[in-house]
Amino acid sequence: MSLTSYLCQAYLPPLILSEALPQIDQFANPWPHIEELNLDGYQRLIRIVSEIPLPALQNAIRIYYQGVGNRLKVHWENTRLTLPCPGVTVLGPTAMARLLVENEDDFQAALEHLILGTTAEALRTVEHRQFDEDELKFNKINVSSARNARPLWTVYVFGPQVPPTSILRPGVVILAIPPWMLGVGDLREFSSRRVFDQGDLDREPPGTTAWSNATKLWAMLYDSCRVSGYRWFVITTYQQWVFGTWSEDWSGAEVTEPVPFDRTRGMTIVEMLTFWIECAREKTIFWQIAADAPYAD
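When we follow numbering that gives the first Met the number 0, the leftmost residue of the sequence shown carries the number 0, and every step to the right adds one.
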(Lines of atoms letter the chains of each structure in order from A; the text may use other names.)
(Lines give C-alpha, C1' and ligand atoms only; values in the text may rest on other atoms or scores of the structure.)
Protein backbone atom coordinates (compact mmCIF):
# COMPACT_ATOMS: atom_id res chain seq x y z
CA MET A 0 0.00 0.00 0.00
CA SER A 1 1.21 3.51 -0.78
CA LEU A 2 1.42 6.30 1.78
CA THR A 3 -1.34 8.23 0.03
CA SER A 4 -3.67 5.22 0.18
CA TYR A 5 -2.94 4.84 3.89
CA LEU A 6 -3.49 8.52 4.71
CA CYS A 7 -6.83 8.71 2.91
CA GLN A 8 -8.16 5.78 4.97
CA ALA A 9 -6.44 6.21 8.35
CA TYR A 10 -8.79 7.57 10.98
CA LEU A 11 -8.75 8.98 14.48
CA PRO A 12 -10.51 6.66 16.94
CA PRO A 13 -12.79 8.44 19.42
CA LEU A 14 -11.45 9.34 22.85
CA ILE A 15 -13.14 7.78 25.85
CA LEU A 16 -13.53 10.66 28.29
CA SER A 17 -13.91 10.01 32.00
CA GLU A 18 -17.37 10.75 33.38
CA ALA A 19 -15.64 12.85 36.04
CA LEU A 20 -14.62 15.41 33.39
CA PRO A 21 -16.98 18.33 32.62
CA GLN A 22 -19.61 17.36 30.08
CA ILE A 23 -20.20 20.11 27.50
CA ASP A 24 -22.45 20.51 24.49
CA GLN A 25 -21.60 23.61 22.45
CA PHE A 26 -19.72 25.91 24.81
CA ALA A 27 -17.32 25.13 27.64
CA ASN A 28 -17.49 26.90 30.96
CA PRO A 29 -15.91 30.37 30.78
CA TRP A 30 -12.18 30.25 31.41
CA PRO A 31 -10.83 32.17 34.37
CA HIS A 32 -9.11 35.50 33.81
CA ILE A 33 -5.59 35.06 32.44
CA GLU A 34 -3.66 38.10 33.58
CA GLU A 35 -0.68 37.13 31.41
CA LEU A 36 -2.74 37.91 28.30
CA ASN A 37 -2.93 41.59 29.24
CA LEU A 38 -0.22 43.45 27.37
CA ASP A 39 1.99 46.30 28.48
CA GLY A 40 4.22 48.05 25.99
CA TYR A 41 3.19 46.41 22.71
CA GLN A 42 0.08 45.47 20.73
CA ARG A 43 -1.39 42.44 19.08
CA LEU A 44 -1.58 43.49 15.44
CA ILE A 45 -4.44 41.27 14.25
CA ARG A 46 -7.26 43.27 12.64
CA ILE A 47 -9.29 40.92 10.45
CA VAL A 48 -10.24 37.23 10.43
CA SER A 49 -11.41 35.73 7.14
CA GLU A 50 -12.65 32.29 6.14
CA ILE A 51 -10.83 29.46 4.39
CA PRO A 52 -13.52 27.68 2.33
CA LEU A 53 -13.20 23.99 3.06
CA PRO A 54 -14.10 22.85 -0.49
CA ALA A 55 -11.29 25.01 -1.93
CA LEU A 56 -8.81 23.72 0.64
CA GLN A 57 -9.77 20.11 0.08
CA ASN A 58 -9.43 20.56 -3.67
CA ALA A 59 -5.87 21.87 -3.16
CA ILE A 60 -5.12 18.87 -0.93
CA ARG A 61 -6.37 16.44 -3.58
CA ILE A 62 -4.17 18.06 -6.21
CA TYR A 63 -1.19 17.84 -3.85
CA TYR A 64 -1.65 14.12 -3.20
CA GLN A 65 -2.14 13.42 -6.89
CA GLY A 66 1.36 14.83 -7.34
CA VAL A 67 2.70 12.62 -4.58
CA GLY A 68 0.98 9.67 -6.27
CA ASN A 69 1.61 6.07 -5.35
CA ARG A 70 5.40 6.16 -5.47
CA LEU A 71 5.79 6.31 -1.68
CA LYS A 72 5.43 2.77 -0.37
CA VAL A 73 4.67 2.10 3.28
CA HIS A 74 6.48 -0.69 5.09
CA TRP A 75 4.10 -2.06 7.70
CA GLU A 76 6.86 -3.07 10.06
CA ASN A 77 7.09 0.71 10.59
CA THR A 78 5.35 1.05 13.96
CA ARG A 79 5.40 4.85 13.85
CA LEU A 80 2.30 4.92 11.63
CA THR A 81 -0.06 4.39 14.54
CA LEU A 82 -3.49 5.41 13.24
CA PRO A 83 -5.79 2.49 12.42
CA CYS A 84 -6.59 1.86 8.77
CA PRO A 85 -9.31 -0.55 7.55
CA GLY A 86 -7.88 -3.84 6.37
CA VAL A 87 -4.32 -2.79 7.21
CA THR A 88 -3.71 -1.82 10.85
CA VAL A 89 -5.70 -2.08 14.05
CA LEU A 90 -5.22 -0.60 17.49
CA GLY A 91 -3.43 -2.89 19.91
CA PRO A 92 -4.12 -3.03 23.67
CA THR A 93 -1.56 -0.33 24.47
CA ALA A 94 -2.98 2.08 21.90
CA MET A 95 -6.52 1.33 23.05
CA ALA A 96 -5.52 2.22 26.60
CA ARG A 97 -4.33 5.62 25.37
CA LEU A 98 -7.89 6.46 24.35
CA LEU A 99 -8.99 6.44 28.01
CA VAL A 100 -8.70 10.07 29.07
CA GLU A 101 -9.00 11.15 32.68
CA ASN A 102 -6.93 14.36 32.64
CA GLU A 103 -4.95 16.72 30.42
CA ASP A 104 -1.85 14.50 30.47
CA ASP A 105 -3.91 11.61 29.06
CA PHE A 106 -5.32 13.92 26.39
CA GLN A 107 -1.87 15.03 25.29
CA ALA A 108 -0.52 11.47 25.30
CA ALA A 109 -3.32 10.32 22.98
CA LEU A 110 -2.79 13.28 20.66
CA GLU A 111 0.97 12.71 20.51
CA HIS A 112 0.90 8.95 20.00
CA LEU A 113 -1.89 8.74 17.45
CA ILE A 114 -2.17 11.75 15.17
CA LEU A 115 1.05 13.73 15.78
CA GLY A 116 3.30 10.67 15.64
CA THR A 117 1.66 9.39 12.46
CA THR A 118 1.81 12.82 10.81
CA ALA A 119 5.50 13.24 11.61
CA GLU A 120 6.29 9.84 10.07
CA ALA A 121 4.21 10.67 6.99
CA LEU A 122 6.22 13.88 6.54
CA ARG A 123 9.50 12.01 6.88
CA THR A 124 8.32 9.52 4.26
CA VAL A 125 7.26 12.25 1.83
CA GLU A 126 10.57 14.06 2.25
CA HIS A 127 12.70 10.87 2.29
CA ARG A 128 14.18 11.79 5.65
CA GLN A 129 15.34 9.81 8.68
CA PHE A 130 13.46 9.32 11.95
CA ASP A 131 16.22 10.83 14.09
CA GLU A 132 16.30 14.21 12.35
CA ASP A 133 15.34 16.80 14.95
CA GLU A 134 13.75 19.13 12.41
CA LEU A 135 11.10 16.56 11.45
CA LYS A 136 9.38 16.01 14.74
CA PHE A 137 6.94 17.80 17.00
CA ASN A 138 8.33 19.68 19.97
CA LYS A 139 6.03 20.14 22.95
CA ILE A 140 6.15 23.50 24.72
CA ASN A 141 4.40 24.03 28.03
CA VAL A 142 3.75 27.76 28.17
CA SER A 143 4.01 29.08 31.71
CA SER A 144 3.72 32.43 33.44
CA ALA A 145 6.88 34.51 33.66
CA ARG A 146 5.50 35.91 36.92
CA ASN A 147 4.97 32.80 38.99
CA ALA A 148 5.79 29.84 36.66
CA ARG A 149 2.21 28.53 36.73
CA PRO A 150 1.25 26.51 33.64
CA LEU A 151 -0.91 28.36 31.11
CA TRP A 152 -1.34 26.28 27.94
CA THR A 153 0.42 23.74 25.71
CA VAL A 154 1.59 24.10 22.12
CA TYR A 155 3.32 21.74 19.71
CA VAL A 156 5.63 23.20 17.10
CA PHE A 157 6.95 21.54 13.97
CA GLY A 158 9.81 23.43 12.40
CA PRO A 159 13.35 24.68 12.94
CA GLN A 160 14.21 25.64 16.50
CA VAL A 161 17.28 27.65 15.53
CA PRO A 162 17.15 31.48 15.43
CA PRO A 163 15.15 32.77 12.45
CA THR A 164 16.97 33.52 9.22
CA SER A 165 14.00 35.12 7.44
CA ILE A 166 10.75 36.93 8.22
CA LEU A 167 8.61 33.94 7.19
CA ARG A 168 9.81 30.94 9.19
CA PRO A 169 8.93 27.48 7.81
CA GLY A 170 6.92 25.82 10.56
CA VAL A 171 3.56 25.35 12.23
CA VAL A 172 2.10 25.86 15.72
CA ILE A 173 -0.53 23.47 17.08
CA LEU A 174 -2.46 24.77 20.07
CA ALA A 175 -4.00 21.80 21.87
CA ILE A 176 -6.95 22.41 24.22
CA PRO A 177 -8.74 19.49 25.92
CA PRO A 178 -12.28 18.93 24.61
CA TRP A 179 -13.87 19.58 28.01
CA MET A 180 -12.35 23.09 27.97
CA LEU A 181 -13.36 24.11 24.44
CA GLY A 182 -16.59 23.15 22.70
CA VAL A 183 -17.56 23.21 19.05
CA GLY A 184 -19.58 26.38 19.73
CA ASP A 185 -16.44 28.08 21.06
CA LEU A 186 -14.53 27.01 17.95
CA ARG A 187 -17.27 28.23 15.61
CA GLU A 188 -17.08 31.60 17.33
CA PHE A 189 -13.29 31.53 17.04
CA SER A 190 -13.39 30.74 13.31
CA SER A 191 -16.14 33.22 12.39
CA ARG A 192 -15.34 36.25 10.28
CA ARG A 193 -14.60 39.24 12.49
CA VAL A 194 -12.78 42.53 12.73
CA PHE A 195 -10.68 43.58 15.71
CA ASP A 196 -10.31 47.28 16.37
CA GLN A 197 -6.94 48.50 17.55
CA GLY A 198 -6.48 47.47 21.18
CA ASP A 199 -9.40 45.01 21.24
CA LEU A 200 -7.07 42.08 21.87
CA ASP A 201 -4.52 43.81 24.10
CA ARG A 202 -6.24 43.86 27.49
CA GLU A 203 -9.28 41.97 28.76
CA PRO A 204 -12.07 44.30 29.95
CA PRO A 205 -13.23 43.74 33.52
CA GLY A 206 -16.60 42.44 34.66
CA THR A 207 -19.42 41.46 32.32
CA THR A 208 -17.50 42.51 29.19
CA ALA A 209 -14.74 39.94 29.82
CA TRP A 210 -13.39 38.07 26.81
CA SER A 211 -15.11 34.88 25.68
CA ASN A 212 -13.13 31.65 25.49
CA ALA A 213 -12.82 32.20 21.72
CA THR A 214 -11.34 35.67 22.17
CA LYS A 215 -8.88 34.42 24.79
CA LEU A 216 -7.92 31.71 22.31
CA TRP A 217 -7.06 34.34 19.68
CA ALA A 218 -4.77 36.11 22.16
CA MET A 219 -3.11 32.82 23.18
CA LEU A 220 -2.63 31.81 19.56
CA TYR A 221 -1.21 35.18 18.53
CA ASP A 222 1.37 35.13 21.32
CA SER A 223 2.34 31.51 20.63
CA CYS A 224 2.86 32.15 16.93
CA ARG A 225 4.69 35.47 17.33
CA VAL A 226 7.24 33.82 19.64
CA SER A 227 8.00 31.12 17.08
CA GLY A 228 7.58 33.28 14.00
CA TYR A 229 5.45 30.60 12.32
CA ARG A 230 2.53 31.87 10.20
CA TRP A 231 0.78 28.48 9.95
CA PHE A 232 -1.30 27.11 12.83
CA VAL A 233 -3.80 24.50 13.95
CA ILE A 234 -6.24 24.57 16.86
CA THR A 235 -7.33 21.14 18.09
CA THR A 236 -9.36 19.54 20.83
CA TYR A 237 -8.76 16.18 19.11
CA GLN A 238 -12.50 16.07 18.48
CA GLN A 239 -12.45 19.24 16.38
CA TRP A 240 -9.72 20.76 14.18
CA VAL A 241 -9.28 24.30 12.82
CA PHE A 242 -6.56 25.11 10.27
CA GLY A 243 -5.32 28.65 9.71
CA THR A 244 -2.59 31.08 8.73
CA TRP A 245 -1.37 34.57 9.64
CA SER A 246 -0.49 37.26 7.15
CA GLU A 247 3.07 38.48 6.72
CA ASP A 248 2.57 41.53 8.98
CA TRP A 249 0.29 39.63 11.44
CA SER A 250 -2.69 41.91 10.76
CA GLY A 251 -4.74 39.27 8.94
CA ALA A 252 -5.68 35.69 9.72
CA GLU A 253 -7.70 33.12 7.84
CA VAL A 254 -9.22 29.97 9.31
CA THR A 255 -11.38 27.01 8.39
CA GLU A 256 -14.59 26.13 10.14
CA PRO A 257 -14.15 23.38 12.77
CA VAL A 258 -13.53 19.99 11.15
CA PRO A 259 -14.71 16.93 13.17
CA PHE A 260 -12.09 14.29 13.96
CA ASP A 261 -14.17 11.59 12.26
CA ARG A 262 -14.64 13.46 9.01
CA THR A 263 -13.57 10.66 6.70
CA ARG A 264 -15.75 11.38 3.67
CA GLY A 265 -13.64 13.27 1.19
CA MET A 266 -10.68 14.01 3.45
CA THR A 267 -9.14 12.64 6.64
CA ILE A 268 -7.60 14.73 9.39
CA VAL A 269 -4.16 13.18 8.90
CA GLU A 270 -4.28 14.04 5.19
CA MET A 271 -5.14 17.64 6.01
CA LEU A 272 -2.53 17.99 8.76
CA THR A 273 0.26 16.47 6.64
CA PHE A 274 -0.57 18.83 3.78
CA TRP A 275 -0.78 21.85 6.10
CA ILE A 276 2.67 21.21 7.53
CA GLU A 277 4.17 20.65 4.09
CA CYS A 278 2.78 24.06 3.10
CA ALA A 279 4.20 25.60 6.27
CA ARG A 280 7.59 24.06 5.48
CA GLU A 281 7.45 25.60 1.99
CA LYS A 282 7.55 22.14 0.36
CA THR A 283 4.45 22.85 -1.74
CA ILE A 284 2.77 26.00 -3.03
CA PHE A 285 -0.83 24.78 -3.22
CA TRP A 286 -1.86 27.11 -0.37
CA GLN A 287 -0.55 30.49 0.74
CA ILE A 288 -0.70 32.51 3.96
CA ALA A 289 -3.44 35.05 4.65
CA ALA A 290 -3.39 38.54 3.14
CA ASP A 291 -2.53 41.56 5.25
CA ALA A 292 -5.51 43.55 6.49
CA PRO A 293 -6.18 46.30 3.90
CA TYR A 294 -6.38 48.98 6.58
CA ALA A 295 -3.61 47.73 8.87
CA ASP A 296 -1.69 50.40 10.72
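Quick reminder that beta carbons are idealized off the backbone N, C-alpha and C, glycines included.
Whether ALA252 touches ARG43 by CB criterion (8 Å)
Indexing the sequence shown from 1 puts residue 252 at position 253. Indexing the sequence shown from 1 puts residue 43 at position 44. The Cβ atoms of ALA252 and ARG43 lie no closer than 8 Å to each other.
Residue of ASP201, GLU281, ALA292 minimising C-alpha distance to TRP245:
In the sequence shown, counting from the first residue as 1, residue 245 sits at position 246. Scanning ASP201, GLU281, ALA292 for the CA closest to the CA of TRP245 turns up ALA292.
For the beta strand (DSSP E) containing ARG230, list its first residue and its last residue.
As a position in the sequence shown, residue 230 is number 231, starting the count at 1. For ARG230, the uninterrupted beta strand (DSSP E) run begins and ends at 229–235, by DSSP.
Going by the beta-carbon positions, is the gap between GLY243 and ALA27 smaller than 8 Å?
On the sequence shown, position 244 is the one that residue 243 refers to. On the sequence shown, position 28 is the one that residue 27 refers to. No, Cβ-Cβ distance for GLY243 and ALA27 is not below 8 Å.
Looking only at its chain, what residues have a beta carbon closer than 7 Å to the beta carbon of LEU90, apart from the 5 residues adjacent to it on each side?
As a position in the sequence shown, residue 90 is number 91, starting the count at 1. Cβ within range, chain order: PRO12, PRO83.
What are the boundary residues of the alpha helix (DSSP H) that PRO54 is part of?
For this step, residue 54 is matched to residue 55 along the sequence shown. In this chain, the alpha helix (DSSP H) harbouring PRO54 covers 53–67.
My understanding is that ARG168 touches TYR229, with C-beta atoms under 8 Å, so please give their C-beta distance in whole angstroms.
Locating residue 168 in the sequence shown gives position 169, counting from the first residue. Locating residue 229 in the sequence shown gives position 230, counting from the first residue. Confirmed, Cβ separation roughly 6 Å.
Starting from GLU188, trace the beta strand (DSSP E) both ways and give me its first and last residue.
Mapped onto the sequence shown, residue 188 falls at position 189. Per DSSP, GLU188 is not a residue of any beta strand (DSSP E); the alpha helix (DSSP H) it occupies stretches across 183–190.
Is it true that the region 33–47 meets the region 142–159, where meeting means three or more beta-carbon pairs spaced less than 8 Å apart?
These segments touch.
Cβ of GLU101 versus every heavy atom of the ligand PLP: is any distance shorter than 7 Å?
The model depicted lacks the ligand PLP and carries no ligand whatsoever.
When DSSP builds the beta bridges, which residues end up paired with PRO159?
Indexing the sequence shown from 1 puts residue 159 at position 160. The secondary-structure analysis by DSSP pairs PRO159 with nothing; it has no beta-bridge partner.
Going by DSSP in three states, CYS84 sits in which element: helix, strand or coil?
The count along the sequence shown starts at 1 and reaches residue 84 at position 85. Reduced to three states, the DSSP call for CYS84 is strand.
Pair within 8 Å by beta-carbon distance, LEU272 and THR153:
As a working mapping, residue 272 is identified with position 273 in the sequence shown. As a working mapping, residue 153 is identified with position 154 in the sequence shown. Cβ distance not < 8 Å, so LEU272 and THR153 don't count as in contact.
How is PHE195 classed by DSSP in three states: helix, strand or coil?
In the sequence shown, the residue the question calls residue 195 occupies position 196. In this structure, PHE195 counts as coil in the three-state DSSP scheme.
For PHE260 and ILE268, which I take to be in contact (beta-carbon distance under 8 Å), what is that distance rounded to the nearest angstrom?
As a first step, residue 260 must be located in the sequence shown, where it is residue number 261. As a first step, residue 268 must be located in the sequence shown, where it is residue number 269. Contact between PHE260 and ILE268 holds: their C-beta atoms lie close to 6 Å from each other, under 8 Å.
For the beta strand (DSSP E) containing ALA94, name the first residue and the last one.
On the sequence shown, residue 94 is found 95 positions in, with the first residue counted as 1. Run containing ALA94: none in the beta strand (DSSP E); it sits in the alpha helix (DSSP H), 92–97.
Does the beta-carbon distance from VAL67 to TYR5 come in below 8 Å?
The residue labelled residue 67 in the question sits at position 68 within the sequence shown. The residue labelled residue 5 in the question sits at position 6 within the sequence shown. Between VAL67 and TYR5, the CB-CB gap reaches or exceeds 8 Å.
For VAL241, which residues from the same chain have a beta carbon less than 8 Å from its beta carbon, with the 5 sequence-adjacent residues on both sides left out?
The residue given as residue 241 occupies position 242 in the sequence shown. LEU186, PHE189, SER190, VAL233, ILE234, THR235, VAL254, THR255, GLU256, PRO257, VAL258.
Does chain B have any CB closer than 8 Å to the CB of ILE23?
Among the chains of the structure shown, chain B does not appear; only one protein chain is present.
Under 8 Å between C-beta atoms of PHE195 and ARG46
By 1-based counting over the sequence shown, the position of residue 195 is 196. By 1-based counting over the sequence shown, the position of residue 46 is 47. When the beta-carbon positions are compared, PHE195 and ARG46 come within less than 8 Å of each other.
Just to confirm, is the Cβ distance from TYR377 to LEU110 under 8 Å?
Nothing about residue 377 can be read from this structure; the chain reaches only from 0 to 296.
Tell me the residue span of the alpha helix (DSSP H) that contains ALA27.
What you label residue 27 is simply residue 28 of the sequence shown in a count that begins at 1. First-last for ALA27: undefined, no H or E at that position.
Range of the contiguous beta strand (DSSP E) that encloses ARG168
Along the sequence shown, one-based indexing puts residue 168 at 169. If you look at ARG168, you'll find it in the beta strand (DSSP E) that goes 168–175.
Can you tell me whether TYR41 is buried or exposed? The criterion is at least 16 other CB atoms within 10 Å of its CB, across all chains shown.
The residue given as residue 41 occupies position 42 in the sequence shown. Classification of TYR41: exposed, given that the 10 Å Cβ count is below 16.
Which residues bound the alpha helix (DSSP H) around GLY40?
As a first step, residue 40 is located in the sequence shown; it is residue number 41 there, counting from the start. GLY40 -> no alpha helix (DSSP H), and no H or E assigned at all.
With 16 other Cβ atoms within 10 Å as the buried cut-off, status of ALA121
Here residue 121 corresponds to residue number 122 of the sequence shown, with the count starting at 1. Taking every protein chain shown into account, the CB of ALA121 has 16 or more other CB atoms within 10 angstroms, so this residue is buried.
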